[in-house]
Amino acid sequence: MSADFSQDHFALFQLPRRFRIDAAQLDSAWRTAAAAAHPDRFAAAGDAEKRVALMQATRINEAYQTLKSPLARARYLLTLAGVDTAEETNTSMPPAFLMAQMEWRESIEDARHGKDVAALEALTAQLRGDVKALEEELATVLDDAPDHAAAALLVRKLRFLEKLDQEIGDAIEALLY
Amino acid sequence: MAYSDKLMDHYENPRNVGAFDKGDESVGTGMVGAPACGDVMKLQIKVNEEGVIEDAKFKTYGCGSAIASSSLVTEWVKGKSLDEALAIKNTEIAEELALPPVKIHCSILAEDAIKAAVADYKQKHAK
Numbered sequence: 000m001s002a003d004f005s006q007d008h009f010a011l012f013q014l015p016r017r018f019r020i021d022a023a024q025l026d027s028a029w030r031t032a033a034a035a036a037h038p039d040r041f042a043a044a045g046d047a048e049k050r051v052a053l054m055q056a057t058r059i060n061e062a063y064q065t066l067k068s069p070l071a072r073a074r075y076l077l078t079l080a081g082v083d084t085a086e087e088t089n090t091s092m093p094p095a096f097l098m099a100q101m102e103w104r105e106s107i108e109d110a111r112h113g114k115d116v117a118a119l120e121a122l123t124a125q126l127r128g129d130v131k132a133l134e135e136e137l138a139t140v141l142d143d144a145p146d147h148a149a150a151a152l153l154v155r156k157l158r159f160l161e162k163l164d165q166e167i168g169d170a171i172e173a174l175l176y
Numbered sequence: 000m001a002y003s004d005k006l007m008d009h010y011e012n013p014r015n016v017g018a019f020d021k022g023d024e025s026v027g028t029g030m031v032g033a034p035a036c037g038d039v040m041k042l043q044i045k046v047n048e049e050g051v052i053e054d055a056k057f058k059t060y061g062c063g064s065a066i067a068s069s070s071l072v073t074e075w076v077k078g079k080s081l082d083e084a085l086a087i088k089n090t091e092i093a094e095e096l097a098l099p100p101v102k103i104h105c106s107i108l109a110e111d112a113i114k115a116a117v118a119d120y121k122q123k124h125a126k
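Just so you know, the protein sequences line up as chains A and B, in that order. The letter at position 65 of the first sequence is residue 64 when you use numbering that gives the first Met the number 0, and the numbering goes up by one with no holes. The letter at position 44 of the second sequence is residue 43 when you use numbering that gives the first Met the number 0, and the numbering goes up by one with no holes.
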């Protein structure tokens, strides 16, 4: 088996380097690659070959997880382009976005205090819609009319929404169980 | 993880929670957010005619360290000039609260919030 560790994740699965990807194609490419590198196939191989196979299997899974998630995929595309998304350091989000974040937190808190699971589920549905809209914007600035700064900002916005999604999920879980 | 007494005190009894009227000429509002943890912080300063910060309020959604950091800086900025407020460094906040390394970004958020509030005030008064 050949293990080219210099390939990027898209090349590994023979996918075009784009934000819009065919999920079914990714899944099938991942399954094929994962089967080829499966440790069971190297049971009789030498130690060095086993090690390479294990590294390759790990890498295949990492690549798959990265490409499967829209947020991670966008971040990865930007990294390949040499752009830092500055998620750890950039705190200057647009005021209207931060205001909306405050309002989201207030709605979650109100619903949690009111033990209102239906309201929390409605918030989840609304949030999923917002996430979809941001992902469509990402597709535009990554694939159609490349704008790295705009894409990095969208990645940072999605990070906030990901966190909101977790918080709503935690609140629902706390009320139900 | 063991948190310092000062941090716990600011977290359990946060100072200066609330808001001023954003449209008030004497008020500067700073809003910042940390994508990595989803924390959002709004910090407001009320500045008198001598250019001294006479009051400050905050509202923070986030972890205990973020709340304690913003509570602490609202205490610190009171009585300071705008330039003195701008000189507050996140390292001083982190040191005062003995923030663990993974929570340093909370102090950065607080520093950025003051800077944003001062910038907002200055913009209002730039003629």
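Note that the Cβ used here is the ideal one computed from N, Cα and C, for glycine as well.
Residues of chain A whose Cβ lies closer than 8 Å to the Cβ of aspartate 111 of chain B are, in chain order, Thr90, Ser91. Fewer than three beta-carbon pairs drawn from the stretch 16–28 of chain B and the stretch 86–100 of chain B are found closer than 8 Å, and the two stretches are therefore not classed as touching. In the structure shown, the three-state DSSP call for tyrosine 2 of chain B is coil. Threonine 28 of chain B: member of the beta strand (DSSP E) spanning 26–33, first to last residue. The criterion of a C-beta distance shorter than 8 Å is satisfied by arginine 158 of chain A and glycine 37 of chain B. The C-beta of isoleucine 107 of chain B comes closer than 8 Å to at least one C-beta of chain A.
Following the DSSP letters along the chain, one finds methionine 54 of chain A in no beta strand (DSSP E) but inside the alpha helix (DSSP H) bounded by residues 46–67. Sixteen is the threshold: since fewer than 16 other Cβ atoms of the shown chains lie within 10 Å of the Cβ of tyrosine 176 of chain A, the residue is exposed. It is roughly 59 Å from the alpha-carbon of isoleucine 52 of chain B to the alpha-carbon of glutamine 24 of chain A. In summary, valine 101 of chain B is exposed, with fewer than 16 beta-carbon neighbours lying within 10 Å of its beta-carbon over all protein chains present. Going by DSSP, valine 46 of chain B is part of the beta strand (DSSP E) stretching over 38–46. The way I'd put it, the stretch 163–170 of chain A does touch the stretch 123–136 of chain A; three or more beta-carbon pairs between them come closer than 8 Å. For the pair serine 68 of chain B and leucine 42 of chain B, the CB atoms are not nearer than the 8 Å cut-off.
Residue pairing by DSSP puts phenylalanine 57 of chain B in a beta bridge opposite B:Val16, B:Leu42. Here arginine 40 of chain A is exposed: its Cβ has fewer than 16 other Cβ atoms, across all protein chains shown, within 10 Å.
Taking the beta carbon of lysine 56 of chain B as reference, no residue of chain A falls within 8 Å; the closest one sits roughly 14 Å away. Close partners of tyrosine 2 of chain B in chain A (Cβ separation under 8 Å) are lacking, with about 21 Å as the shortest Cβ gap.
When Cβ-Cβ separations below 8 Å define contact, leucine 126 of chain A makes no contact with chain B. In summary, the residues of the stretch 29–52 of chain B whose CB is separated from some CB of chain A by less than 8 Å are Met30, Val31, Gly32, Ala33, Pro34, Ala35, Cys36, Gly37, Val39, Lys41, in the order they occur in the chain. Using a CB distance below 7 Å, the part of the stretch 127–160 of chain A facing chain B consists of Arg155, Arg158, Phe159, ordered along the chain. By the Cβ test, the stretch 111–122 of chain B is in contact with the stretch 22–41 of chain B, since at least three Cβ pairs between them sit closer than 8 Å. Alanine 132 of chain A and phenylalanine 9 of chain A have their C-alpha atoms roughly 24 Å apart.
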